[in-house]
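As structure tokens, the structure follows; a few thoughts come after it.
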Amino acid sequence: MHAVEVPTPYSFAGAFTCGGSLFRERYAPLLGASAVFFALVVVELTIGFVLDATLGEGASDVLTFFTAVFLDGPLVVSWLYAGVAVLRRGTLDGTNLFRGFDRYWRSVGVYVAAMLAGVLLFAPIVGIGFALEGLGRSGHSLGIALFVPLLVGGVLLYLYVLARVTPALLMIVDEHQIGGAAGVVDSVMRSWSAPRGAVGWSLLALGLLCFVILLLSLLLLVLPYLFVGMPLVLAVAAAAYESLQTQRGAFANPATCPKCGYALTGLASPQCPECGTDLTPRPPGAGPSLG
Numbered sequence: 009m010h011a012v013e014v015p016t017p018y019s020f021a022g023a024f025t026c027g028g029s030l031f032r033e034r035y036a037p038l039l040g041a042s043a044v045f046f047a048l049v050v051v052e053l054t055i056g057f058v059l060d061a062t063l064g065e066g067a068s069d070v071l072t073f074f075t076a077v078f079l080d081g082p083l084v085v086s087w088l089y090a091g092v093a094v095l096r097r098g099t100l101d102g103t104n105l106f107r108g109f110d111r112y113w114r115s116v117g118v119y120v121a122a123m124l125a126g127v128l129l130f131a132p133i134v135g136i137g138f139a140l141e142g143l144g145r146s147g148h149s150l151g152i153a154l155f156v157p158l159l160v161g162g163v164l165l166y167l168y169v170l171a172r173v174t175p176a177l178l179m180i181v182d183e184h185q186i187g188g189a190a191g192v193v194d195s196v197m198r199s200w201s202a203p204r205g206a207v208g209w210s211l212l213a214l215g216l217l218c219f220v221i222l223l224l225s226l227l228l229l230v231l232p233y234l235f236v237g238m239p240l241v242l243a244v245a246a247a248a249y250e251s252l253q254t255q256r257g258a259f260a261n262p263a264t265c266p267k268c269g270y271a272l273t274g275l276a277s278p279q280c281p282e283c284g285t286d287l288t289p290r291p292p293g294a295g296p297s298l299g
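In our numbering, the protein residues as written are 9 to 299.
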């Protein structure tokens with residue numbers, strides 16, 4: 009049973025509305041998860057500043073890179089899955105709070121894959137854009153005319169790719185899938201192939217809105233960012249993932265409950281043990297009962 013009703017089918021408005029309801033009704037665990045994530049990031053940044061002051065810029069940059077690769081991935085995965093756990097159960101415990109570290113190397117792998125997928129597309133476009141800017145500085149008006157739209161297009165393409173592969177960060181630790189959490193390659197492929205067409209662009213729009221919320225709350229200093237921006241974005245991200253996975257079946261394996269996503273492998277009773285959904289086979293086209 010979800011803490012709030014998950015929209016069917018997935019939509020931009022439905023995901024944001026569901027996330028807002030979760031934010032209001034389960035604010036405390038969302039804030040707790042965000043506070044832990046925020047504190048760990050502050051510690052990471054503090055260590056970076058200390059290393060920069062003691063070891064010099066070059067050495068600290070190398071250590072910062074390794075920290076970003078081997079720490080940020082599990083942190084982000086843990087934070088995102090905490091929101092999903094709150095949506096599904098209404099509460100949060102230590103197991104779900106650090107789920108990304110329970111599957112550490114998978115979390116690192118899928119995080120790096122998600123970042124590289126966007127960078128590999130974005131970098132060539134940016135390179136061409138700056139080449140056109142150089143032509144503009146040399147007096148070629150065409151270079152200036154094409155630089156800005158090409159750069160904007162590259163940024164949008166990069167964000168679109170991230171929106172398509174970000175669900176993989178949750179698939180890597182989501183035990184509700186049949187067979188348990190997915191592997192790195194499988195999660196990325198399934199994440200990319202599921203939200204096609206308008207849904208992919210809708211996820212991009214939702215991601216941009218979440219980014220604006222975080223940015224505006226950060227500009228208002230730390231307290232709004234921690235107490236409003238992070239918990240709200242976490243709730244919206246959880247609602248979008250759960251809506252796509254359990255309602256549209258975009259991510260869920262057919263052997264999962266169509267209402268809550270619970271893995272049904274080996275189930276003897278025609279009823280979901282988690283949410284109580286009647287799983288009795290129905291005539292073709294009738295679909296399962298979600299009552």
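A virtual CB, placed ideally from N, CA and C, is assigned to each residue, including glycine.
Bear in mind that the values here come from a model prediction, so they are computed numbers and not experimental data.
Around the beta-carbon of Leu227, fewer than 16 other beta-carbon atoms lie within 10 Å, marking it exposed. If you draw a straight line from the Cα of Leu88 to the Cα of Asp110, it comes to about 14 Å. Distance from Val181 to Phe24 at the Cβ level is roughly 24 Å; contact not present, criterion being Cβ atoms closer than 8 Å. Closest in alpha carbon position to Gly56, among Leu79, Phe31 and Gly98, is Leu79. From the listed residues Ala171, Gly161, Trp113 and Val58, the smallest Cα separation to Phe219 is found for Ala171.
DSSP places Asp101 outside both helix and strand once states are collapsed to three, so it counts as coil. Taking C-beta atoms as the reference points, Gly108 and Ser86 count as a pair closer than 8 Å. Ser42 is positioned such that its CB atom lies closer than 8 Å to that of Leu234. Of Tyr35, Gln253 and Phe74, the smallest CA-CA separation from Arg198 is found for Gln253.
Contact between Ile221 and Leu240 is confirmed by a C-beta separation of about 6 Å, below the 8 Å threshold. Among the bridge pairs identified by DSSP, Asp286 is matched with Gln279. By the 16-neighbour rule on beta-carbons within 10 angstroms, Gly162 is buried. Counting along the chain, Ser199 sits inside the alpha helix (DSSP H) bounded by residues Val192 to Ser201.
For the set Cys280, Arg32, Leu53 and Met179, the Cα lying nearest the Cα of Val92 is the one of Met179. Between the beta-carbon of Val94 and that of Ala11 there is about 7 Å, and that keeps the pair under the 8 Å contact cut.
DSSP places Ala11 outside any alpha helix (DSSP H), giving it a letter other than H or E. Unbroken alpha helix (DSSP H) runs of no fewer than 4 residues, entirely contained in the region 71-101, are found at 80-97, following chain order. Between the C-alpha atoms of Val14 and Thr99 there is a straight-line separation of about 16 Å. The criterion of a C-beta distance shorter than 8 Å is not satisfied by Ala246 and Val173.
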